[in-house]
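Heads up, the sequence shown is in the numbering used here, so the first residue is 49 and it goes up one at a time.
Glycine is no exception: its CB is placed at the ideal position from the N, C-alpha and C atoms.
Below you'll find the structure, written out as structure tokens, and then a few comments.
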Amino acid sequence: MLKRLSLVSLAIATAGGPTAVQAAQFTFLDPAFVQQIYTGPLVGGPGMAWTSSGHLLTLNGSTILEYDPLASAVHQGTNIHPTIATHPIAGLLPGAGVGISNGIDGYIYVATGNGLQRVDPTSWTVTTPAANLPGISGLGTGGAYGITTLPNGKIVYVAGTGTNEVYVYDPVAQTNSLIYTSTGLIDDIQASPTGEIALAGQANNEIIIITAAGAVLVTVPAPLAYPDGLAFGYGASVARLFSNDNQGTITAYDFSPGYASLLSTTTIASGGSYGDLAAVGPDCALYVSQFYNGGYHNSALFGTRWDDATINNEPSIVRISSSRPGECAFAPSVGGDVPEPGAAWLSLLGLAALGVARRRPAAA
């Protein structure tokens, strides 16, 4: 059952005032949705998570940036949500990981090149300084881009030297299990509201959906799109997955119940730049990164279209929401309902969680 958004939540999510102008980063957008540049020029990785009060967070190296819930600044004629705080996180392991996810226990989980760590957002400290969480060892160095939280509170993340190994960490039992190995790089991953896991098989240009135990349910080729950032949404009697693609499109994949087979694909947005990260906020909106990546995977040769008609190589995050007032377009995340660390788990069981992807250098 969908959570009804309050008028206060909607006001915060769409803040910017009656004079705010929505930038057309995507030259085509399905009329069921609206778009606006949320923040930019973007700094850092970034992974995305949210504070308990609904503030967007992104990961930038060993710091987490916190953004104003109000569009209180202007860049290139565009009302944006600026950074209002920088939280240094001492003790993060080195590595190429940039993924972060809200756990239902109130902590923020960070995927690093060496494993998985946990951050207390009340003190902005790593709970296992310079060390992995219990049960995590032998992953070696390498990428760690996708991370998501299952409805039961377990953390799913990608690691390994080839960034192709999917692990599940149980924060209660403190166990870590390898459940799936891909033949190529996996970028973003996302848990469905019913506990399945979608993988962006970016290296093989495909989307893979597996069970929480690692069994493959369906593999879908995605010719030329290069799916990257993933998020679940809603469709009539179908399971719907959205992909933020490298070639400036956002594609909706509609599956039969249980993700047994693909029913159809629909391009809901096009004309953007290089799409990578995606996450669903507590406001039921989809947040997607856009940036310049030198034409990699035939991506567009720009980063952002700003409101003053400037087109440059600066990166940004675009917010996409339903054009129908009060309608939830994307699977609600743990987002704005994050409890204090250590709070009771059962009150939040069943909520979907966030997933993130990395921002890839042009030489990748």
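Inset, instruction - Give the single residue among 254, 229 and 134 whose Cα lies nearest to the Cα of residue 171. - result: Counted from its first residue, the sequence shown places residue 171 at position 123. Among 254, 229 and 134, the Cα nearest to that of residue 171 belongs to 134.
Legend entry - Residue range of the unbroken beta strand (DSSP E) whose run includes residue 227: As a first step, residue 227 is located in the sequence shown; it is residue number 179 there, counting from the start. Its beta strand (DSSP E) spans residues 223-229.
Inset, instruction - Over the uninterrupted beta strand (DSSP E) stretch that includes residue 310, give me the two end residues. - result: Within the sequence shown, the letter at position 262 stands for residue 310. First-last of the beta strand (DSSP E) with residue 310: 310-318.
Inset, instruction - Leaving out five residues on either side along the sequence, give the residues of the same chain with a beta carbon under 7 Å from the beta carbon of residue 307. - result: Here residue 307 corresponds to residue number 259 of the sequence shown, with the count starting at 1. Result list for residue 307: 244, 257, 265, 266 and 287, in chain order.
Inset, instruction - Indicate whether residue 114 and residue 105 have their beta-carbon atoms separated by less than 8 Å. - result: Against the sequence shown, residue 114 aligns to sequence position 66. Against the sequence shown, residue 105 aligns to sequence position 57. Cβ distance < 8 Å, so residue 114 and residue 105 count as in contact.
Legend entry - Where residue 372 falls, given that 16 or more other Cβ within 10 Å makes a residue buried: Start at 1 with the first residue of the sequence shown, and residue 372 comes out as number 324. Counting Cβ neighbours within 10 Å, residue 372 comes out exposed, since fewer than 16 surround it.
Legend entry - Spatial distance of residue 98 from residue 380 (CA atoms): Taking the first residue of the sequence shown as position 1, residue 98 is located at position 50. Taking the first residue of the sequence shown as position 1, residue 380 is located at position 332. Each residue's alpha carbon lies about 13 Å from the other.
Inset, instruction - Could you check if residue 199 is buried or exposed, using at least 16 other CB atoms within 10 Å of its CB as the buried criterion? - result: Reading the sequence shown from its first residue, position 151 is the one you call residue 199. Residue 199 is buried by the Cβ-count criterion.
Legend entry - Rounded straight-line distance, which links the Cα of residue 223 to that of residue 232: One-based indexing of the sequence shown puts residue 232 at position 184. One-based indexing of the sequence shown puts residue 223 at position 175. So the two alpha carbons sit approximately 25 Å from each other.
Legend entry - For residue 327 and residue 275, the rounded distance between their alpha carbons: In the sequence shown, the residue the question calls residue 275 occupies position 227. In the sequence shown, the residue the question calls residue 327 occupies position 279. Rounded to whole angstroms, residue 275 to residue 327 spans 14 Å at the Cα level.
Inset, instruction - Can you have a look at residue 219 and say buried or exposed, based on whether 16 or more other CB atoms are within 10 angstroms of its CB? - result: For this step, residue 219 is matched to residue 171 along the sequence shown. Under this definition residue 219 is a buried residue.
Inset, instruction - Would you please verify whether the beta carbon of residue 214 is less than 8 Å from any beta carbon of chain B? - result: Reference to chain B is not applicable here, since this structure consists of a single protein chain.
Inset, instruction - Just the C-alpha distance for residue 311 and residue 301, rounded to the nearest angstrom, thanks. - result: Stepping through the sequence shown from its first residue, residue 311 is reached at position 263. Stepping through the sequence shown from its first residue, residue 301 is reached at position 253. Cα-Cα distance, rounded: 8 Å.
Legend entry - residue 297 versus residue 182: straight-line alpha-carbon distance, rounded: Counting from one through the sequence shown, the residue named residue 297 turns up at place 249. Counting from one through the sequence shown, the residue named residue 182 turns up at place 134. About 39 Å.
Inset, instruction - Would you kindly work out how many angstroms separate the C-alpha atoms of residue 74 and residue 147, rounded to a whole number? - result: Walking along the sequence shown from the start, residue 74 turns up at place 26. Walking along the sequence shown from the start, residue 147 turns up at place 99. Cα to Cα, residue 74 sits roughly 25 Å from residue 147.
Legend entry - Cut-off 8 Å between Cβ atoms - residues of its own chain near residue 293, not counting five sequence neighbours on either side: Along the sequence shown, read from residue 1 onward, the residue named residue 293 stands at position 245. Excluding sequence neighbours, residue 293 sits near 270, 273, 274, 275, 276, 299 and 323.
Legend entry - Other residues of its chain near residue 213: CB distance less than 7 Å, five sequence neighbours each side excluded: Counting from 1 along the sequence shown, the entry for residue 213 is found at position 165. So the list reads 206, 207, 226 and 229, once near-sequence residues are dropped.
Legend entry - Helix, strand or coil at residue 345 [DSSP, three-state]: Sequence index remark: in the sequence shown, residue 345 carries index 297 (1-based). Reduced to three states, the DSSP call for residue 345 is helix.
Inset, instruction - Have a look at residue 124 and residue 356 and give me their C-alpha separation to the nearest angstrom. - result: By 1-based counting over the sequence shown, the position of residue 124 is 76. By 1-based counting over the sequence shown, the position of residue 356 is 308. Whole-angstrom Cα-Cα distance: 6 Å.
Legend entry - Span separating the alpha-carbon of residue 69 from that of residue 338: In the sequence shown, counting from the first residue as 1, residue 69 sits at position 21. In the sequence shown, counting from the first residue as 1, residue 338 sits at position 290. With a pLDDT of 42 at residue 69, under the threshold of 50, the modelled position of that residue is not reliable, and no figure is offered here.
Legend entry - Residue(s) in a DSSP beta bridge with residue 113: By one-based count along the sequence shown, residue 113 stands at place 65. DSSP, once it has assigned bridges, lists 106 and 134 as partnering residue 113.
Inset, instruction - Throw me the rounded Cβ distance for the residue 347 and residue 318 pair, which I believe falls under 8 Å. - result: Here residue 347 corresponds to residue number 299 of the sequence shown, with the count starting at 1. Here residue 318 corresponds to residue number 270 of the sequence shown, with the count starting at 1. Not really, about 12 Å apart at Cβ, beyond 8 Å.
Legend entry - Three-state class that DSSP yields for residue 202 in the structure shown: Taking the first residue of the sequence shown as position 1, residue 202 is located at position 154. Of the three classes helix, strand and coil, the one that applies to residue 202 here is coil, per DSSP.
Legend entry - Distance between beta carbons of residue 236 and residue 194, contact taken as under 8 Å: Residue numbering aside, residue 194 sits at position 146 when the sequence shown is read from its first letter. Residue numbering aside, residue 236 sits at position 188 when the sequence shown is read from its first letter. Confirmed, about 5 Å.
Legend entry - Reduced DSSP category for residue 305 - H, G, I as helix; E, B as strand; rest coil: Your numbering for residue 305 matches position 257 in the sequence shown. Helix, per DSSP.
Legend entry - Length of the line joining the Cα atoms of residue 334 and residue 176: Counting from 1 along the sequence shown, the entry for residue 334 is found at position 286. Counting from 1 along the sequence shown, the entry for residue 176 is found at position 128. Looking at the two C-alpha atoms, the distance is approximately 31 Å.
Inset, instruction - Thinking residue 76 and residue 370 are a contact (beta carbons under 8 Å), I'd like their distance in whole angstroms, please. - result: Residue numbering aside, residue 76 sits at position 28 when the sequence shown is read from its first letter. Residue numbering aside, residue 370 sits at position 322 when the sequence shown is read from its first letter. The pair is not a contact, with the Cβ atoms about 17 Å apart (cut-off 8 Å).
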